[in-house]
Amino acid sequence: MKIVDLPLFAFDDFEQPRAWPHQVPPHFTTAYFQADELRAASAYASELYLATAPYGTPAHAEAWNRKERMWQPSPVDGQYRDANGHQFDLFTAGDGYCPCPSVGFRANPECQCVKPGCVLAQCDTCQWRTFQRGEPAAVAAWHDHAFPGWRDLPVVPPSVKRRDDRMEPHRDLRQWCLDHYPAEWLALPSAPIVTERGGAGTRSVPHMSPWGGFDISHTLRDEVLL
Ligand SMILES: [Zn+2]
Ligand SMILES: [Zn+2]
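This is the structure:
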């Protein structure tokens with residue numbers, strides 16, 4: 009037998025079939041699951057991916073695509089268990105490879121792969137959730153749920169220092185809000201504030217309001233939601 013007749017590897021060596029141990033299915037889903045269940049299933053899919061070797065094999069690519077099409081916690085997921093009585097859960101999906109063959113130079117019109125930027129914002133306290141395109145819209149939608157009225161807040165101008173040397177909310181920021189925001193608003197647990205931003209720095213940042221809530225870019229007030 010020549011060397012070229014030998015199979016390089018057998019797929020069975022790399023991934024023994026294992027029963028999927030989660031209620032959350034190993035693919036994209038729009039069914040409702042508790043955020044903790046989504047996190048656990050995502051972590052398990054990541055473990056399977058890391059355990060699937062070697063890099064570059066079909067099994068490895070499949071494990072990657074499975075992981076990427078499931079809901080995965082966003083970097084800012086889980087920041088609040090109780091913000092004004094609501095829980096902040098944020099998941100993304102859809103960075104997996106699209107295997108659909110293109111048609112000429114065009115994307116395949118039959119493609120139903122999950123597209124990047126698919127975001128789920130959720131509040132398990134109320135069993136509320138929304139699907140949005142992109143994290144900014146999802147964070148805005150969550151605030152519509154947890155802090156209705158936030159879009160009408162006074163906007164902190166850029167002349168007010170937002171952070172101190174330790175990158176914590178600046179005392180000038182706190183004072184400006186005390187002078188301009190309704191007192192009832194600042195009494196809300198983890199109250200967000202809205203600040204004027206320029207350029208690319210328009211992410212909503214948790215815990216950067218002096219009251220522990222989000223510092224939201226003014227550009228998000230006009231975010232159009234799905
Ligand atoms: Zn809620
Ligand atoms: Zn596709």
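As numbered in our numbering, residues 9 to 234 make up the sequence shown, in order.
Beta carbons are placed, not taken as given, at the ideal position from N, Cα and C, and that holds for glycine.
Is DSSP giving L234 helix, strand or coil here? If DSSP states are grouped into helix, strand and coil, L234 belongs with coil.
Bridge partners - W136, DSSP secondary structure assignment: In the DSSP output, where bridge partners are listed per residue, W136 has C131.
Spell out the partners DSSP gives F99 in its beta bridges. Beta-bridge annotation (DSSP): F99 is paired with P81, L128.
Just the Cα atoms here: how many angstroms apart are P200 and E45? Taking the straight line joining both Cα atoms gives about 27 Å.
Pair within 8 Å by beta-carbon distance, G102 and R77: Annotated as proximal: G102 and R77, with beta-carbon spacing under 8 Å.
Just to confirm my understanding: we take L196, look at its own chain, exclude 5 residues before and 5 after, and list those with CB closer than 6 Å. What are they? Correct list, in chain order: N92.
So D132 and A43 are supposed to be a Cβ contact under 8 Å. How far apart are they, rounded? About 5 Å separates the two Cβ atoms, so the contact holds.
Which of helix, strand or coil DSSP assigns to G94: For clarity, residue 94 is His in the given sequence; the question names Gly instead. Annotated three-state conformation of H94 is strand, per DSSP.
From which residue to which residue does the beta strand (DSSP E) around V202 run? Unbroken beta strand (DSSP E) run through V202: 201-203.
Indicate whether T203 and R170 have their beta-carbon atoms separated by less than 8 Å. Yes, the pair counts as a contact, with Cβ atoms nearer than the cut-off.
Own chain partners of R159 with C-beta closer than 7 Å, once the 5 adjacent residues on each side are dropped: Closer than 7 Å at Cβ, skipping near neighbours: R229.
Nearest to E55 by alpha carbon, out of V213, A71, A149? Nearest to E55 by C-alpha distance, out of V213, A71, A149, is A71.
Where L58 falls, given that 16 or more other Cβ within 10 Å makes a residue buried: Exposed.
Nearest neighbour of P29, chosen from L233, A51, C126 [CA to CA]: Considering only L233, A51, C126, the residue with the shortest C-alpha distance to P29 is A51.
What separation, rounded to the nearest whole angstrom, lies between the Cα atoms of A69 and V84? Rounded to the nearest whole angstrom, the CA to CA distance from A69 to V84 is 27 Å.
Indicate, with yes or no, if ligand 2 has a heavy atom lying under 7 Å from the CB of P117. Not under cutoff, so the answer is no.
Quick check on Y57: does DSSP put it in helix, strand or coil? Assigned with DSSP and collapsed to three states, Y57 falls in helix.
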